[in-house]
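Asks: I'd like to ask some things about the structure below.
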């Protein structure tokens with residue numbers, strides 16, 4: 015697909031490239047021809063040098079707008095390509111996610127009982143599925159950790175729970191209701207997903223936590239910052255929760271940016287919290303405080319982490335290898351078995 019896209023971009027770029035070369039080349043050739051013929055006539059005394067210079071200037075002014083038409087032609091091609099993309103999008107059916115009932119259900123809160131039953135999922139239907147026969151259950155107040163090597167499917171599971179991906183086979187239920195049948199508003203107000211990539215915007219701390227939602231009071235922002243172990247740091251800045259955040263959070267450290275993301279996820283008091291490598295930049299002491307605060311919130315929590323100290327106190331640890339569950343249990347049980355999890359503990 016990427017190769018096809020590049021090929022189409024190159025095909026569209028060829029006419030623009032030709033126009034960009036041919037028009038200036040013809041203008042240069044025209045000027046050279048006028049100077050050569052006019053120079054010969056001036057030497058013979060047929061015309062004066064002043065007339066030659068005046069004629070050259072007149073021709074240059076006349077051809078300049080024509081040369082600029084080259085840019086217009088290029089923009090027309092770009093416009094045609096943009097229209098073709100829009101038509102391509104319109105030819106596809108809308109995602110079923112956006113066909114669900116919307117804003118009128120935003121006040122409904124889910125309790126947080128999550129079930130994944132016999133899930134099969136992959137990114138390419140022509141390749142082998144990444145997840146096969148995957149089962150997981152998380153109840154309110156429980157913390158379940160997903161561990162495993164790179165490419166084992168941990169982040170994929172987090173996006174399936176969040177409703178960002180649709181499984182090929184199997185069923186995802188929350189509170190006994192299929193994920194596809196849950197109104198978008200209820201899902202958005204009850205499920206918070208924190209990715210390993212941090213996105214912060216230019217504005218205030220409060221703006222970044224509440225995402226400019228006027229219905230979220232400052233008290234909720236303060237509570238979220240406290241639970242993310244960032245309140246004291248923010249209050250030492252001029253303006254407190256209204257202090258400035260630069261684009262991409264450049265005036266915050268890596269760990270502080272991660273905690274701002276966590277606070278953003280907590281501000282709506284979600285019933286289900288999905289965390290994908292969100293404490294990788296935190297020191298052990300701060301990480302312990304944050305994880306304890308998350309437990310006190312009583313929400314169903316799915317944690318993905320490479321650092322095993324983050325997950326050792328989880329109610330259940332699920333070990334993934336190539337999209338398949340190879341072990342599950344508590345930290346002490348898995349270490350005693352001496353299997354895949356014990357090997358991960360020794361490595362890290």
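Residue numbers (the numbering used here): 15 to 362.
From the three backbone atoms N, C-alpha and C, an ideal C-beta is built for every residue, glycine too.
Just grab the DSSP bridge partners of residue 258 for me.
Replies: DSSP output for residue 258 lists 218 as bridge partner(s).
Asks: With a Cβ-Cβ cutoff of 8 Å, do residue 331 and residue 308 count as a contact?
Replies: Going by C-beta atoms, residue 331 is not nearer than 8 Å to residue 308.
Asks: Nearest to residue 325 by CA position, among 159, 195, 165, 293, is which residue?
Replies: When each option's Cα is compared against that of residue 325, the closest is 159.
Asks: Excluding sequence positions up to five away, which residues of its chain have a Cβ less than 8 Å from the Cβ of residue 179?
Replies: If we look at residue 179 and ignore the five residues flanking it on each side, its Cβ neighbours are 135, 170, 173.
Asks: Quick one: grab the DSSP three-state call for residue 238.
Replies: Looking at residue 238 - three-state DSSP - the assignment turns out to be helix.
Asks: Around the C-beta of residue 360, are 16 or more other C-beta atoms found within 10 angstroms, so that it is buried, or is it exposed?
Replies: That one is exposed.
Asks: Pick out the complete beta strand (DSSP E) segments inside the region 123–165, 3 residues or longer, and give them in chain order.
Replies: With a minimum length of 3 residues, the continuous beta strand (DSSP E) runs that stay inside the region 123–165 are 128–135, 145–152, 157–162.
Asks: Could you spell out where the alpha helix (DSSP H) holding residue 272 opens and where it closes?
Replies: Looking at the DSSP string, the run of the alpha helix (DSSP H) that includes residue 272 is 268–280.
Asks: Going by DSSP, name the residue or residues bridged to residue 315.
Replies: BP columns for residue 315 point to 157, 287.
Asks: Taking the alpha-carbon positions, what's the residue 260 to residue 282 distance?
Replies: Using only the alpha carbons, I get a separation of about 23 Å.
Asks: The beta strand (DSSP E) spanning residue 186 covers which residue range?
Replies: Segment 183–188, the beta strand (DSSP E) holding residue 186.
Asks: Counting pairs of Cβ atoms below 8 Å between the region 315–322 and the region 251–265, do you hit three or more?
Replies: Judged by Cβ distances under 8 Å, the region 315–322 makes no contact with the region 251–265, as fewer than three pairs qualify.
Asks: So, residue 287 versus residue 315, is the Cβ gap smaller than 8 Å?
Replies: Closer than 8 Å, so yes.
Asks: Pick helix, strand or coil for residue 93, following the three-state DSSP scheme.
Replies: Note: residue 93 maps to helix in three-state DSSP.
Asks: Considering only the alpha carbon of each residue, which of 81, 216, 189 lies closest to residue 7?
Replies: Residue 7 lies beyond the residue range present for the chain, which begins at 15 and ends at 362; the question has no answer from this structure.
Asks: What are the boundary residues of the beta strand (DSSP E) that includes residue 172?
Replies: Run containing residue 172: none in the beta strand (DSSP E); it sits in the alpha helix (DSSP H), 168–175.
Asks: Just to confirm before moving on: does the CB-CB distance between residue 270 and residue 244 stay below 8 Å?
Replies: Yes, the pair counts as a contact, with Cβ atoms nearer than the cut-off.
Asks: Under three-state DSSP, which class holds residue 34?
Replies: The answer is helix: DSSP assigns residue 34 an H, G or I state.
Asks: What residues in its chain sit with their C-beta under 8 Å from that of residue 73, if we drop five residues either side in the sequence?
Replies: If we look at residue 73 and ignore the five residues flanking it on each side, its Cβ neighbours are 44, 45, 48.
Asks: Measure how close the beta-carbons of residue 223 and residue 333 come, nearest whole angstrom, since I'm counting them as under 8 Å.
Replies: In fact, because the Cβ distance is near 34 Å, the residues do not count as touching under 8 Å.
Asks: Determine, using beta carbons only, whether residue 154 and residue 312 come nearer to each other than 8 Å.
Replies: In this structure, residue 312 lies closer than 8 Å to residue 154 by Cβ.
Asks: How would you write the range of the alpha helix (DSSP H) that residue 351 sits in, first residue to last?
Replies: Element bounds for residue 351: 345–351.
Asks: Measure the Cβ-Cβ separation of residue 203 and residue 123 and say whether it is below 8 Å.
Replies: Yes, these two residues count as a Cβ contact at 8 Å.
Asks: State the Cα-Cα distance for the pair residue 132 and residue 201, rounded to the nearest angstrom.
Replies: Answer to the nearest angstrom: the Cα atoms are 22 Å apart.
Asks: Out of 267, 277, 168, which has the shortest C-alpha to C-alpha gap to residue 233?
Replies: It is 277.
Asks: Sort 345, 205, 254, 354 by Cα distance to residue 336 and report the nearest one.
Replies: Nearest C-alpha to residue 336: 354.
Asks: Could you tell me the boundaries of the alpha helix (DSSP H) in which residue 358 lies?
Replies: It spans 354–361 - the alpha helix (DSSP H) in which residue 358 sits, taken as one unbroken run.
Asks: Please classify residue 242 as buried or exposed, where buried requires at least 16 other C-beta atoms within 10 Å of its C-beta.
Replies: With 16 or more Cβ atoms within 10 Å of its Cβ, residue 242 is classed as buried.
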